[in-house]
Amino acid sequence: MTDGPVVHALSGRAVDELTLEAVRRGEVSLADLRIHPETLERQAEVAAGHANPQLAENLRRAAELTRLPDDEVLAIYEALRPGRSTLEQLTAMAGELAGRGLPRCAALLTEAAEVYARRGLSA
Amino acid sequence: MFSGFGSIQRYDNMFGPSNFNAEDIDDFLAMQRDWGIDGGLRTVPVERIEALRRDAAQACRAVYRHLGLADFTDDHVERAVDAAGSKDLGDTDTLAVVSAAHAIREGGLTVVDVVAALDESGYEAEAERIMDMTRARLAGDYLQTSAIFDEELGVLSLVTDPNDYAGPGTGYEPSAQRLREIDAIRQERGVEDLREQQAGFAARLAGSGIGIGLQGKGTALIHRRDLAPLANLELYSVAPSVTAALYRLLGANAARHAKGGTPDPARNPYSDEAIEARYHTTVIALMALERAWVKPGLPAEELSLEGLR
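Residue numbers (the numbering used here), protein chains in the order written: chain A, 1 to 123; chain E, 124 to 432.
This is the structure we're talking about:
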């Protein structure tokens, strides 16, 4: 790990506290193992600073996704497979994500809805 | 150079075959050395690999047992130490696999449970290592382009270890220590060793030092004990082009070489068949027929003409 700001898990705990001792005391939970959106934002800034805006955007979408449970992330992934969703379904999903404060993911779904329709990849 | 160095047999992972895999590792290590490049791999002593694999198999068994997923027998663990793939594990209990998968999914087992299981089973170092990995995941430095972990789980990536190549002589140079690793391949042999191994087999057996080699694909040749494989005395054309008279001359010339006489130069019947690619499939088919009869490892056999006359 590099020197820099203290890294936190999604739970808010400092990563340095996540030790074997903590596991032994039964003090480590699943939320302590998930990445914090701040960490992803910081990595996005690094990527952008190294001429990789696409990776930065990807990491910022990932930061948004930390707000969703795994099941929902997988459902979006499935919906984005070719031929699984209609333009309307993807658009509706985008609207819902935008309403829940995931604008970048919503934008990706909106773009996908349009591109899939144009390329014949809609259900 | 290629997308990873797989060691999983194709039958165990049909999605993931790499164009190089663990079966080629000795070739790859020799190429690293001979070309003087760092291809990222190193020779590891067999004893070290065996010990590591045994530790890994036993640690896995301990975790499965601790979590109540499955009980593996000593025999199964021993097989796993030396297994190339699942077929080497003997009869496996397929239902046990299903029930373990079910227990992992339904029980909501996480890496924390695995760490605790390792720790409580006496694998503290392994438990610590997995916690290190977990913290590294949360730090996210590995998400950058071309990231790999070094041995201390530090991240090398485009960010932390940028490509500063600016023309010949400015790129990566392996350290002296790394060069020693690259050079230390396990079948280190000199050119002389190779020559000795490859010297004409028949010629080494013959008292005269002169031998005749015949191959289904054609190459018929007269060889001498002290010569390198391609530096033979006489090389005849592909088998279908060689006539009975020419084979007789081959024998006669071999005898002349053996007796120190003067061989009568053979005139090779070079033809399209001997040269053009469109005949190669036939030649390869002939070779395949011959290979089907080969029994590797047998000692030399005395031949006689009895029964042929």
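Every residue gets a Cβ at the ideal spot worked out from N, C-alpha and C, and that includes glycine. Model, not experiment: these values are computed from the prediction.
Counting of Cβ neighbours within 10 angstroms places V278(E) among the buried residues, the total reaching 16 or more.
For H380(E), no beta strand (DSSP E) encloses it; the enclosing alpha helix (DSSP H) starts and ends at 367-382.
With fewer than 16 other Cβ atoms from the protein chains shown falling within 10 Å of its own Cβ, N286(E) counts as exposed. A direct Cα-Cα distance of roughly 14 Å separates A182(E) from V234(E). Think of a sphere of 9 Å around the beta carbon of I76(A): no beta carbon from chain E falls inside it, the nearest being about 20 Å out. Looking only at D197(E), R171(E), T166(E), L164(E), the smallest Cα-Cα distance to A180(E) is reached by D197(E). Assignment of N144(E) by DSSP, reduced to helix, strand and coil, places it in the strand class.
When secondary structure is reduced to three states using DSSP, H346(E) falls in the strand class. By the criterion of a C-beta distance shorter than 8 Å, R13(A) is surrounded in its chain by D32, once the five residues flanking it on both sides are discounted. Cβ-Cβ separation between E38(A) and H8(A): approximately 7 Å, consistent with a contact (criterion under 8 Å). Not a single CB atom of chain A sits nearer than 8 Å to the CB of L302(E).
According to the DSSP assignment, L175(E) belongs to the alpha helix (DSSP H) that extends over 169-189. By the beta-carbon neighbour count (other beta carbons within 10 angstroms, threshold 16), M137(E) is exposed. Look at the beta carbons and you see the stretch 397-408 of chain E not touching the stretch 375-382 of chain E: under three pairs across the two are nearer than 8 Å. Contact of R24(A) with chain E by beta-carbon distance below 7 Å involves D242. Close partners of L102(A) in chain E (Cβ separation under 9 Å) are lacking, with about 19 Å as the shortest Cβ gap.
Within the same chain, A106 come within 7 Å of A98(A) by CB-CB distance, once the 5 residues on both sides are set aside. Comparing alpha-carbon positions, the option among G4(A), P5(A), V23(A) lying closest to D242(E) turns out to be V23(A).
In this chain, the beta strand (DSSP E) harbouring E357(E) covers 357-359. Runs of alpha helix (DSSP H) with 4 or more residues, each lying fully within the stretch 232-277 of chain E, are found at 234-243, 247-262, listed in chain order. With a 10 Å radius around the Cβ and a threshold of 16 neighbouring Cβ atoms, Q54(A) comes out exposed.
If you draw a straight line from the Cα of D316(E) to the Cα of R348(E), it is about 15 Å long.
Taking L68(A) as reference, the option from H36(A), Q89(A), V6(A) with the minimal CA-CA separation is H36(A). For the stretch 47-67 of chain A, residues whose beta-carbon sits nearer than 7 Å to a beta-carbon of chain E comprise A47, H50, N52, L55, L59.
The Cβ atoms of I308(E) and T405(E) lie no closer than 8 Å to each other.
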